[in-house]
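Visitor: In terms of my numbering, the sequence shown is residues 898 to 1173.
Idealized CB from N, CA, C, for every residue including glycine.
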Amino acid sequence: MPEDAASEARFASVDQAQQADNGMTLNGMTLNGMTLNGMTLNGMTLNGLATASFNDWFNQNADAAMVMAYVVKCAVPEGETRTFQSTVTGTSYTWQGSLGLAPGWSAGKPATVAEQQVVSACLAAHANKYGMHIPLSALGRTAAGAEVPWSAEELSTFSEKEACFFGNLFANEGLFAARDRDFSAAESSTRACGLTLKADTCAPITNIGSCAQFCTKSDPSKPYYTQCTYNGKTYPVITTRVQPVELFRCGDGVCQFTEKPGSGNTADSCRADCGA
(Lines of atoms letter the chains of each structure in order from A and count residues from 1; the text may use other names and numbers.)
(Lines give C-alpha, C1' and ligand atoms only; values in the text may rest on other atoms or scores of the structure.)
Protein backbone atom coordinates (compact mmCIF):
# COMPACT_ATOMS: atom_id res chain seq x y z
CA MET A 1 0.00 0.00 0.00
CA PRO A 2 1.29 3.52 -0.77
CA GLU A 3 2.68 5.26 2.30
CA ASP A 4 0.27 8.19 1.99
CA ALA A 5 -2.67 5.76 2.26
CA ALA A 6 -1.35 3.86 5.24
CA SER A 7 -3.74 5.54 7.66
CA GLU A 8 -6.76 3.75 6.19
CA ALA A 9 -7.70 0.17 7.02
CA ARG A 10 -7.14 -1.73 3.79
CA PHE A 11 -8.88 -4.98 2.97
CA ALA A 12 -8.53 -7.11 -0.21
CA SER A 13 -11.53 -8.54 -2.05
CA VAL A 14 -12.15 -11.88 -3.81
CA ASP A 15 -12.17 -14.63 -1.14
CA GLN A 16 -15.71 -15.18 0.10
CA ALA A 17 -15.35 -18.53 1.87
CA GLN A 18 -13.50 -19.15 5.12
CA GLN A 19 -10.24 -21.02 4.93
CA ALA A 20 -10.96 -23.52 7.70
CA ASP A 21 -13.43 -24.44 10.43
CA ASN A 22 -13.21 -23.70 14.16
CA GLY A 23 -13.27 -19.93 13.86
CA MET A 24 -10.33 -19.64 11.45
CA THR A 25 -11.04 -17.05 8.79
CA LEU A 26 -9.23 -15.13 6.06
CA ASN A 27 -8.77 -11.43 6.58
CA GLY A 28 -8.96 -8.85 3.84
CA MET A 29 -11.58 -6.33 2.81
CA THR A 30 -11.84 -2.60 2.49
CA LEU A 31 -13.81 -0.20 4.65
CA ASN A 32 -12.07 2.98 3.47
CA GLY A 33 -14.01 4.99 6.05
CA MET A 34 -17.34 3.64 4.84
CA THR A 35 -20.07 3.09 7.43
CA LEU A 36 -22.79 0.45 7.46
CA ASN A 37 -25.58 2.63 8.80
CA GLY A 38 -27.37 2.52 5.44
CA MET A 39 -27.43 -1.27 5.36
CA THR A 40 -30.66 -3.10 6.11
CA LEU A 41 -31.01 -4.05 9.77
CA ASN A 42 -34.45 -5.58 9.26
CA GLY A 43 -33.18 -9.08 8.58
CA MET A 44 -30.48 -10.67 6.49
CA THR A 45 -32.72 -12.93 4.41
CA LEU A 46 -33.75 -12.78 0.78
CA ASN A 47 -36.58 -10.39 1.63
CA GLY A 48 -34.28 -8.16 3.66
CA LEU A 49 -31.73 -7.93 0.86
CA ALA A 50 -34.45 -7.10 -1.66
CA THR A 51 -35.57 -3.91 0.08
CA ALA A 52 -35.20 -0.51 -1.57
CA SER A 53 -33.00 0.74 1.27
CA PHE A 54 -30.51 -2.11 0.86
CA ASN A 55 -30.51 -1.64 -2.93
CA ASP A 56 -29.74 2.03 -2.48
CA TRP A 57 -26.95 1.33 0.02
CA PHE A 58 -25.42 -1.39 -2.15
CA ASN A 59 -25.54 0.54 -5.40
CA GLN A 60 -24.15 3.75 -3.89
CA ASN A 61 -21.03 2.12 -2.42
CA ALA A 62 -18.34 0.74 -4.72
CA ASP A 63 -17.03 -1.60 -2.00
CA ALA A 64 -20.45 -2.90 -0.94
CA ALA A 65 -20.04 -6.37 -2.48
CA MET A 66 -16.70 -6.80 -0.74
CA VAL A 67 -18.09 -5.61 2.59
CA MET A 68 -21.11 -7.90 2.29
CA ALA A 69 -18.86 -10.92 1.75
CA TYR A 70 -17.44 -10.31 5.22
CA VAL A 71 -20.71 -9.25 6.84
CA VAL A 72 -22.27 -12.55 5.73
CA LYS A 73 -19.13 -14.48 6.74
CA CYS A 74 -19.38 -13.01 10.22
CA ALA A 75 -23.16 -12.96 10.73
CA VAL A 76 -24.48 -16.07 8.97
CA PRO A 77 -23.84 -19.70 10.03
CA GLU A 78 -21.52 -21.95 8.06
CA GLY A 79 -23.29 -23.85 5.31
CA GLU A 80 -25.72 -21.04 4.52
CA THR A 81 -25.45 -18.45 1.76
CA ARG A 82 -27.05 -15.10 0.99
CA THR A 83 -27.75 -14.02 -2.59
CA PHE A 84 -28.40 -10.57 -4.02
CA GLN A 85 -28.88 -9.25 -7.56
CA SER A 86 -28.07 -5.60 -8.25
CA THR A 87 -30.96 -3.71 -9.79
CA VAL A 88 -28.47 -1.38 -11.47
CA THR A 89 -25.96 -3.78 -13.03
CA GLY A 90 -27.93 -7.03 -12.98
CA THR A 91 -24.94 -8.76 -11.39
CA SER A 92 -25.80 -11.58 -8.99
CA TYR A 93 -23.76 -12.14 -5.82
CA THR A 94 -23.62 -15.15 -3.52
CA TRP A 95 -21.92 -14.82 -0.14
CA GLN A 96 -20.93 -17.68 2.17
CA GLY A 97 -21.77 -17.78 5.86
CA SER A 98 -19.20 -18.92 8.40
CA LEU A 99 -19.14 -17.80 12.04
CA GLY A 100 -22.88 -17.33 12.68
CA LEU A 101 -22.40 -14.44 15.11
CA ALA A 102 -25.85 -12.91 14.50
CA PRO A 103 -28.38 -15.78 14.53
CA GLY A 104 -31.48 -13.60 14.85
CA TRP A 105 -30.49 -11.19 12.11
CA SER A 106 -29.49 -14.11 9.89
CA ALA A 107 -32.94 -15.64 10.40
CA GLY A 108 -34.72 -12.50 9.24
CA LYS A 109 -35.30 -10.65 12.50
CA PRO A 110 -34.20 -7.04 13.08
CA ALA A 111 -30.56 -6.86 14.14
CA THR A 112 -30.19 -6.37 17.87
CA VAL A 113 -27.60 -4.00 19.29
CA ALA A 114 -25.57 -7.02 20.42
CA GLU A 115 -25.64 -8.40 16.87
CA GLN A 116 -24.55 -5.08 15.41
CA GLN A 117 -21.69 -4.95 17.90
CA VAL A 118 -20.35 -8.48 17.46
CA VAL A 119 -20.53 -8.29 13.64
CA SER A 120 -18.69 -4.96 13.80
CA ALA A 121 -16.02 -6.58 15.97
CA CYS A 122 -15.68 -9.39 13.44
CA LEU A 123 -15.30 -6.95 10.55
CA ALA A 124 -12.61 -5.06 12.44
CA ALA A 125 -10.80 -8.33 13.19
CA HIS A 126 -10.63 -9.02 9.45
CA ALA A 127 -9.08 -5.64 8.62
CA ASN A 128 -5.68 -5.60 6.96
CA LYS A 129 -4.14 -2.23 6.10
CA TYR A 130 -1.76 -3.90 3.62
CA GLY A 131 -4.54 -5.56 1.61
CA MET A 132 -3.17 -9.04 2.43
CA HIS A 133 -5.08 -12.26 3.03
CA ILE A 134 -3.67 -13.65 6.28
CA PRO A 135 -4.98 -16.81 8.00
CA LEU A 136 -6.09 -16.11 11.57
CA SER A 137 -8.04 -17.58 14.42
CA ALA A 138 -11.16 -15.60 15.41
CA LEU A 139 -12.45 -16.46 18.87
CA GLY A 140 -15.40 -15.28 20.93
CA ARG A 141 -19.14 -15.69 21.36
CA THR A 142 -22.15 -15.05 19.18
CA ALA A 143 -24.67 -12.36 20.06
CA ALA A 144 -26.76 -15.14 21.61
CA GLY A 145 -23.86 -16.16 23.88
CA ALA A 146 -22.83 -19.36 22.09
CA GLU A 147 -19.11 -20.02 21.88
CA VAL A 148 -17.46 -19.93 18.45
CA PRO A 149 -16.03 -23.46 18.15
CA TRP A 150 -12.28 -23.86 18.58
CA SER A 151 -9.83 -26.70 19.11
CA ALA A 152 -6.46 -27.34 20.71
CA GLU A 153 -5.06 -27.87 17.22
CA GLU A 154 -6.25 -24.43 16.19
CA LEU A 155 -4.61 -22.80 19.20
CA SER A 156 -1.41 -24.71 18.48
CA THR A 157 -1.35 -23.66 14.81
CA PHE A 158 -2.23 -20.06 15.65
CA SER A 159 0.04 -20.02 18.65
CA GLU A 160 0.60 -16.27 18.92
CA LYS A 161 -1.92 -14.11 20.74
CA GLU A 162 -2.70 -11.02 18.71
CA ALA A 163 -5.48 -8.57 19.53
CA CYS A 164 -9.06 -7.88 20.56
CA PHE A 165 -11.61 -5.95 18.48
CA PHE A 166 -14.92 -4.30 19.37
CA GLY A 167 -17.24 -1.37 18.57
CA ASN A 168 -20.36 -0.66 16.53
CA LEU A 169 -19.87 0.40 12.93
CA PHE A 170 -23.61 0.31 12.22
CA ALA A 171 -24.33 2.99 14.83
CA ASN A 172 -21.26 5.10 14.01
CA GLU A 173 -19.81 4.46 17.47
CA GLY A 174 -16.40 3.58 16.08
CA LEU A 175 -14.22 0.48 15.88
CA PHE A 176 -11.51 -0.26 18.44
CA ALA A 177 -8.56 -2.62 18.67
CA ALA A 178 -6.10 -3.43 21.45
CA ARG A 179 -3.04 -5.66 21.75
CA ASP A 180 -3.31 -9.06 23.44
CA ARG A 181 0.46 -9.43 23.87
CA ASP A 182 3.54 -7.47 24.84
CA PHE A 183 4.64 -5.51 21.81
CA SER A 184 7.62 -3.22 21.28
CA ALA A 185 8.62 -0.60 18.73
CA ALA A 186 11.14 -3.11 17.34
CA GLU A 187 8.32 -5.41 16.27
CA SER A 188 5.94 -5.24 13.31
CA SER A 189 3.32 -7.47 11.77
CA THR A 190 1.44 -8.27 8.58
CA ARG A 191 -1.62 -7.65 10.78
CA ALA A 192 -0.88 -4.08 11.79
CA CYS A 193 -4.37 -2.98 12.88
CA GLY A 194 -4.29 -4.95 16.12
CA LEU A 195 -0.57 -5.04 16.87
CA THR A 196 0.59 -1.45 16.88
CA LEU A 197 1.83 1.22 19.25
CA LYS A 198 0.24 3.96 17.14
CA ALA A 199 -3.31 5.12 17.81
CA ASP A 200 -3.98 6.41 14.29
CA THR A 201 -2.42 3.75 12.08
CA CYS A 202 -5.56 1.95 10.92
CA ALA A 203 -8.51 4.33 10.54
CA PRO A 204 -11.45 3.80 10.86
CA ILE A 205 -10.14 1.42 13.56
CA THR A 206 -8.62 3.16 16.58
CA ASN A 207 -5.98 1.26 18.55
CA ILE A 208 -6.41 2.04 22.23
CA GLY A 209 -3.59 0.07 23.87
CA SER A 210 -3.77 -3.29 25.64
CA CYS A 211 -6.70 -5.72 25.87
CA ALA A 212 -5.97 -6.17 29.56
CA GLN A 213 -6.71 -2.47 30.12
CA PHE A 214 -10.25 -2.62 28.76
CA CYS A 215 -11.38 -6.24 28.41
CA THR A 216 -12.32 -9.12 30.71
CA LYS A 217 -12.90 -12.87 30.46
CA SER A 218 -15.89 -14.55 32.07
CA ASP A 219 -13.82 -17.73 32.20
CA PRO A 220 -10.02 -17.25 32.54
CA SER A 221 -9.42 -20.72 31.10
CA LYS A 222 -10.87 -19.69 27.74
CA PRO A 223 -8.58 -18.23 25.03
CA TYR A 224 -10.78 -15.20 24.39
CA TYR A 225 -12.20 -12.10 26.05
CA THR A 226 -15.96 -11.80 26.47
CA GLN A 227 -16.42 -8.04 26.82
CA CYS A 228 -14.56 -4.75 26.55
CA THR A 229 -15.52 -1.42 28.10
CA TYR A 230 -14.41 1.85 26.54
CA ASN A 231 -15.72 5.40 26.98
CA GLY A 232 -18.28 4.09 29.46
CA LYS A 233 -19.81 1.59 27.02
CA THR A 234 -19.46 -2.21 27.14
CA TYR A 235 -19.19 -4.30 23.96
CA PRO A 236 -18.85 -7.97 23.01
CA VAL A 237 -15.43 -8.69 21.56
CA ILE A 238 -13.63 -10.85 19.01
CA THR A 239 -10.17 -12.08 20.04
CA THR A 240 -7.63 -13.05 17.37
CA ARG A 241 -4.55 -15.24 17.16
CA VAL A 242 -2.00 -15.58 14.35
CA GLN A 243 0.82 -17.84 13.26
CA PRO A 244 4.38 -16.90 14.32
CA VAL A 245 5.36 -16.22 10.69
CA GLU A 246 3.20 -13.07 10.75
CA LEU A 247 5.38 -11.38 13.40
CA PHE A 248 8.66 -9.60 12.59
CA ARG A 249 11.40 -8.03 14.74
CA CYS A 250 14.08 -5.53 13.82
CA GLY A 251 17.38 -7.40 14.08
CA ASP A 252 16.22 -10.74 12.67
CA GLY A 253 18.34 -10.20 9.56
CA VAL A 254 15.52 -9.64 7.08
CA CYS A 255 14.31 -6.24 5.91
CA GLN A 256 10.57 -6.89 5.98
CA PHE A 257 8.06 -4.76 4.06
CA THR A 258 6.85 -3.49 7.43
CA GLU A 259 10.33 -2.12 8.27
CA LYS A 260 12.17 0.99 7.09
CA PRO A 261 15.86 1.96 6.84
CA GLY A 262 17.26 4.20 9.52
CA SER A 263 19.81 4.56 12.26
CA GLY A 264 17.81 2.94 15.06
CA ASN A 265 16.55 -0.47 16.12
CA THR A 266 12.81 0.02 15.68
CA ALA A 267 10.61 -1.17 12.82
CA ASP A 268 10.38 2.43 11.57
CA SER A 269 14.17 2.84 11.70
CA CYS A 270 15.85 -0.56 11.44
CA ARG A 271 19.53 -0.24 10.54
CA ALA A 272 20.34 -3.88 11.33
CA ASP A 273 17.91 -5.25 8.74
CA CYS A 274 17.39 -2.45 6.22
CA GLY A 275 20.54 -0.31 6.46
CA ALA A 276 20.81 3.41 7.11
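Terminal residues of the continuous alpha helix (DSSP H) containing residue 957?
Guide: Here the question's residue 957 lines up with position 60 in the sequence shown. Residues 949 to 957.
Visitor: What does the Cβ neighbour count give for residue 1048, buried or exposed, with the cut at 16 atoms within 10 Å?
Guide: Along the sequence shown, one-based indexing puts residue 1048 at 151. Its Cβ having fewer than 16 others within 10 Å, residue 1048 is exposed.
Visitor: Can you give me the start and stop residues for the alpha helix (DSSP H) that residue 1075 sits inside?
Guide: Counted from its first residue, the sequence shown places residue 1075 at position 178. Premise fails: residue 1075 lies in the beta strand (DSSP E), 1071 to 1076, not in any alpha helix (DSSP H).
Visitor: Note down the Cα distance separating residue 1163 from residue 1084, rounded to an integer number of angstroms.
Guide: Taking the sequence shown and counting its residues from 1, the one referred to as residue 1163 is at position 266. Taking the sequence shown and counting its residues from 1, the one referred to as residue 1084 is at position 187. If you take the alpha carbons of residue 1163 and residue 1084, they lie about 7 angstroms apart.
Visitor: Using beta-carbon positions only, say whether residue 1144 and residue 1051 come within less than 9 angstroms of one another.
Guide: As a position in the sequence shown, residue 1144 is number 247, starting the count at 1. As a position in the sequence shown, residue 1051 is number 154, starting the count at 1. Against a cut-off of 9 angstroms, the Cβ pair of residue 1051 and residue 1144 comes out as no contact.
Visitor: Over what stretch of residues does the beta strand (DSSP E) that includes residue 1060 continue unbroken?
Guide: The sequence position of residue 1060 within the sequence shown is 163, counting from 1. Per DSSP, residue 1060 belongs to the beta strand (DSSP E) from 1057 to 1065.
Visitor: Alpha carbon to alpha carbon, how far is residue 1155 from residue 1086? Give it in angstroms, no decimals.
Guide: The count along the sequence shown starts at 1 and reaches residue 1086 at position 189. The count along the sequence shown starts at 1 and reaches residue 1155 at position 258. Whole-angstrom Cα-Cα distance: 7 angstroms.
Visitor: Start and end of the beta strand (DSSP E) containing residue 1035?
Guide: Looking up residue 1035 in the sequence shown gives position 138. Counting along the chain, the beta strand (DSSP E) containing residue 1035 begins and ends at 1032 to 1037.
Visitor: Tell me the rounded alpha-carbon separation between residue 1010 and residue 1173.
Guide: One-based indexing of the sequence shown puts residue 1010 at position 113. One-based indexing of the sequence shown puts residue 1173 at position 276. Residue 1010 and residue 1173: Cα-Cα distance of roughly 50 angstroms.
Visitor: Quick check: the Cα distance between residue 999 and residue 1161, rounded to an integer number of angstroms?
Guide: For this step, residue 999 is matched to residue 102 along the sequence shown. For this step, residue 1161 is matched to residue 264 along the sequence shown. Roughly 46 angstroms separates the two Cα atoms.
Visitor: I want to know whether the region 1026 to 1033 touches the region 1107 to 1123 - three or more CB-CB distances under 8 angstroms.
Guide: no
Visitor: Measuring CA to CA, which of 1103, 1015, 961 and 949 is closest to residue 1132?
Guide: Translated into the one-based positions of the sequence shown, residue 1132 becomes position 235. In terms of CA proximity to residue 1132, 1015 leads the group 1103, 1015, 961 and 949.
Visitor: In three-state DSSP terms, what is residue 1134?
Guide: Within the sequence shown, the letter at position 237 stands for residue 1134. Three-state DSSP puts residue 1134 in coil, outside helix and strand.
Visitor: Write down the C-beta distance between residue 961 and residue 955 rounded to the nearest angstrom, noting that I regard them as a contact closer than 8 angstroms.
Guide: In the sequence shown, residue 961 corresponds to position 64, counting from 1. In the sequence shown, residue 955 corresponds to position 58, counting from 1. Their Cβ separation, rounded to whole angstroms, is 4 angstroms, which keeps residue 961 and residue 955 in contact under 8 angstroms.
Visitor: Using a threshold of 9 angstroms, state whether the C-beta atoms of residue 1091 and residue 1137 are closer than that.
Guide: By one-based count along the sequence shown, residue 1091 stands at place 194. By one-based count along the sequence shown, residue 1137 stands at place 240. Against a cut-off of 9 angstroms, the Cβ pair of residue 1137 and residue 1091 comes out as a contact.
Visitor: Count the other CB atoms, across all protein chains shown, that sit within 10 Å of the CB of residue 921; report buried if there are 16 or more and exposed otherwise.
Guide: On the sequence shown, residue 921 is found 24 positions in, with the first residue counted as 1. The predicted model places residue 921 with a pLDDT of 44, which falls under 50 and marks its position as unreliable; any figure quoted below should be read in that light. Residue 921 comes out buried.
Visitor: Helix, strand or coil for residue 992, going by three-state DSSP, please let me know.
Guide: The count along the sequence shown starts at 1 and reaches residue 992 at position 95. If DSSP states are grouped into helix, strand and coil, residue 992 belongs with the strands.
Visitor: Determine the burial state of residue 1037: buried for a count of at least 16 other Cβ atoms within 10 Å of its Cβ, exposed for fewer.
Guide: Sequence index remark: in the sequence shown, residue 1037 carries index 140 (1-based). With 16 or more Cβ atoms within 10 Å of its Cβ, residue 1037 is classed as buried.
Visitor: Whole angstroms are fine: how far does the CA of residue 1100 sit from the CA of residue 1082?
Guide: Within the sequence shown, the letter at position 185 stands for residue 1082. Within the sequence shown, the letter at position 203 stands for residue 1100. Distance between the alpha carbons of residue 1082 and residue 1100 is about 20 angstroms.
Visitor: If you follow the alpha helix (DSSP H) that residue 967 is part of, which residue opens it and which one closes it?
Guide: Residue numbering aside, residue 967 sits at position 70 when the sequence shown is read from its first letter. Looking at the DSSP string, the run of the alpha helix (DSSP H) that includes residue 967 is 961 to 972.
Visitor: Can you tell me which residues form a DSSP beta bridge with residue 1022?
Guide: On the sequence shown, residue 1022 is found 125 positions in, with the first residue counted as 1. Under the DSSP definition of a beta bridge, residue 1022 lacks any partner.
Visitor: For the alpha helix (DSSP H) containing residue 981, name the first residue and the last one.
Guide: For the purposes of this step, residue 981 is taken as the residue at position 84 of the sequence shown. Here residue 981 belongs to no alpha helix (DSSP H); instead the beta strand (DSSP E) covers 978 to 982.
Visitor: Among 952, 995, 1054 and 1013, which residue has its Cα nearest to the Cα of residue 985?
Guide: Against the sequence shown, residue 985 aligns to sequence position 88. Looking at the Cα atoms, 952 is the closest of the given residues.
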